[in-house]
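Protein chains in written order, with the working numbering: chain A, -9 to 106; chain B, 166 to 446.
Even for Gly, the Cβ is constructed at its ideal location relative to N, Cα and C.
The model shown is predicted, which means the values in this text are computed figures rather than measured ones.
Here is the structure we will look at.
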């Protein structure tokens, strides 16, 4: 379960940001997760519940946004939404594609309570 | 994953990520940083350490029992006269694999991960303190046998090699797309067993890999009868040459998936730690 290691890294970043901003507590943490990131949102959630204990983010809500798998075709220029194990162009079936959404593993924002 | 800024922001997901609704009484800080930025930072450090020593580092991944250690044994036998090789072994328990590698006369260092299902950049960095890279040409990192977790962690290596043994099923690339998408080379191992198996088609395995828009080469081989090993050795030698040429131009090699990410994310380098709304008390 590598979600635990991920959470450790995530929390390290959140705590650093909270300290930089003199926050009293962390209200929420928003992460963006794609199907090709290798992270299972449910496991991340339970790992987060374990790892936040005793930190400034103890009460923080973990908001997970999942992003669709989208490929851009270099052969025909089409953008298509697809599934994780089929990254071909939907229009022309070309292999010449780049993933433009779906591998996100991003801490997108942190909501801090800075009020006394 | 992106190594320039660690962000994973692309034109395709930019809107999604940036859409942040203001809340009362709190400050929202937009971060846009990769969840694994601490690991990735360490990985970059490892990579420049490897580059200083001009050693090509290959991350070997597969499910348990696909033949990673047997492949290394055969590789060392064929290359130990011409190249200086070392191995980092990742295993949950035991030093059995390390002993097998050491028996081939090359240095091997064991990382026993305990319950951890993957190696990360910090573990590899710690291992580097126990071994010398001086004079090495090639370092293999044999990752923990697991088709899920190791794919998410950059170790600072230059190439990902993923093994798929013929006893596993040719649909593995479809079942584990994150892992197989990351492959710079897919090895189909244990082909000496193919006559006994009617349900594994190397062609289908390759097709499933290509369905991930991964045009990595595929080499079929058997450590038992030696078939296909020449092609693997040739691939390694070509990679070493390419790597050395890159170093001469003050560049480095990266696993392909990361290169692509870097290209896409390069323009968003300055996005970290920007405030998007202010305190409202």
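Using beta carbons (cut-off 9 Å, strictly below), is residue 263 (chain B) in contact with chain C? This model lacks chain C altogether; the protein chains it does include are A and B.
Nearer than 8 Å: is that true of the beta carbon of residue 97 (chain A) relative to any heavy atom of the ligand GDP? The ligand content of the structure shown is nil, which means the ligand GDP is not present either.
Residue 351 (chain B) - DSSP class collapsed to helix/strand/coil: strand
Along chain B, in chain order, which residues have C-beta atoms closer than 8 Å to that of residue 21 (chain A)? 200, listed in chain order.
Closer than 7 Å by C-beta to residue 358 (chain B): which residues in its own chain qualify, once you throw out the five before and the five after it? Chain order, please. 331, 332
Can residue 98 (chain A) and residue 48 (chain A) be called in contact, C-beta distance under 9 Å? no
So with Cβ pairs under 9 Å, would you call residue 144 (chain B) a contact of chain A? What is shown of chain B runs 166 to 446, which leaves residue 144 (chain B) out entirely.
Of all Cβ atoms in chain A, is any one closer than 9 Å to the Cβ of residue 317 (chain B)? Cβ-Cβ to chain A under 9 Å: yes for residue 317 (chain B).
Residue 385 (chain B) - partner residues in DSSP beta bridges: B:353
Per the contact definition of three or more C-beta pairs closer than 8 Å, is the region 192 to 202 of chain B in contact with the region 7 to 14 of chain A? yes
So, are the CB atoms of residue 351 (chain B) and residue 313 (chain B) less than 9 Å apart? no
Can you find a CB in chain B that lies within less than 9 Å of the CB of residue 3 (chain A)? yes
Exposed or buried, which one is residue 12 (chain A) when buried takes at least 16 other CB atoms within 10 Å? exposed
Three-state class that DSSP yields for residue 307 (chain B) in the structure shown: strand
Outcome for residue 323 (chain B) when other beta-carbon atoms lying within 10 angstroms are tallied against a minimum of 16: buried
Work out the CA separation of residue 284 (chain B) and residue 233 (chain B) for me, nearest whole Å. 15 Å
By DSSP, does residue 76 (chain A) sit in helix, in strand, or in coil? strand
Residue 56 (chain A), enclosing beta strand (DSSP E) - first and last residue: 51 to 57
Extent of the continuous beta strand (DSSP E) to which residue 319 (chain B) belongs: No beta strand (DSSP E) holds residue 319 (chain B); DSSP gives it neither H nor E.
Name the chain A residues whose beta carbon is nearer than 9 Å to that of residue 283 (chain B)? -8, -5
Closer than 9 Å to chain A by CB, residue 340 (chain B): yes
Is the Cβ of residue 129 (chain A) closer than 9 Å to any Cβ of chain B? For chain A, the structure presents residues -9 to 106; residue 129 (chain A) sits outside this window and is missing.
Name, going along the chain, the residues of the region 3 to 17 of chain A whose beta-carbon falls closer than 7 Å to a beta-carbon of chain B. 3, 7, 11, 17
Which stretch, first to last residue, makes up the alpha helix (DSSP H) that contains residue 344 (chain B)? 342 to 346
Report all residues from its chain with a CB closer than 7 Å to the CB of residue 421 (chain B); omit the five preceding and five following residues, and keep chain order. In its chain, beyond the 5 residues on either side, 349 have a beta carbon closer than 7 Å to the beta carbon of residue 421 (chain B).
Chain-ordered chain A contacts of residue 273 (chain B) [CB-CB under 8 Å]: In chain order: nothing, as chain A lies at least about 24 Å away.
Check whether residue 58 (chain A) and residue 28 (chain A) have beta carbons under 9 Å apart: no
Where are the beta strand (DSSP E) runs, 3 residues long or more, that stay fully inside the region 264 to 292 of chain B, in chain order? Entirely contained in the region 264 to 292 of chain B, the beta strand (DSSP E) runs reaching 3 residues are, in chain order, 273 to 277.
Does the Cβ-Cβ distance between residue 393 (chain B) and residue 384 (chain B) come in under 9 Å? yes
Can you look up residue 100 (chain A) in the DSSP assignment and give me helix, strand or coil? strand
Cutting at 8 Å between CB atoms, please list the residues of its own chain near residue 104 (chain A), excluding the five before and the five after it. The residues 11, 12, 13, 14, in chain order, have a CB closer than 8 Å to that of residue 104 (chain A) in the same chain once the five nearest residues on each side in sequence are set aside.
Listed by chain order, chain B residues near residue 87 (chain A) by CB distance under 8 Å: 378
Taking only the alpha-carbon atoms, compute the straight-line gap between residue 432 (chain B) and residue 365 (chain B) and give it to the nearest angstrom. Note that residue 432 (chain B) has pLDDT 38, beneath the 50 cutoff, so the model's placement of it is unreliable and the number below is only indicative. Distance from the CA atom of residue 432 (chain B) to the CA atom of residue 365 (chain B), rounded to whole angstroms, is 44 Å.
Please report how far the alpha carbon of residue 95 (chain A) lies from the alpha carbon of residue 30 (chain A), in whole angstroms. C-alpha separation (whole angstroms): 11 Å.
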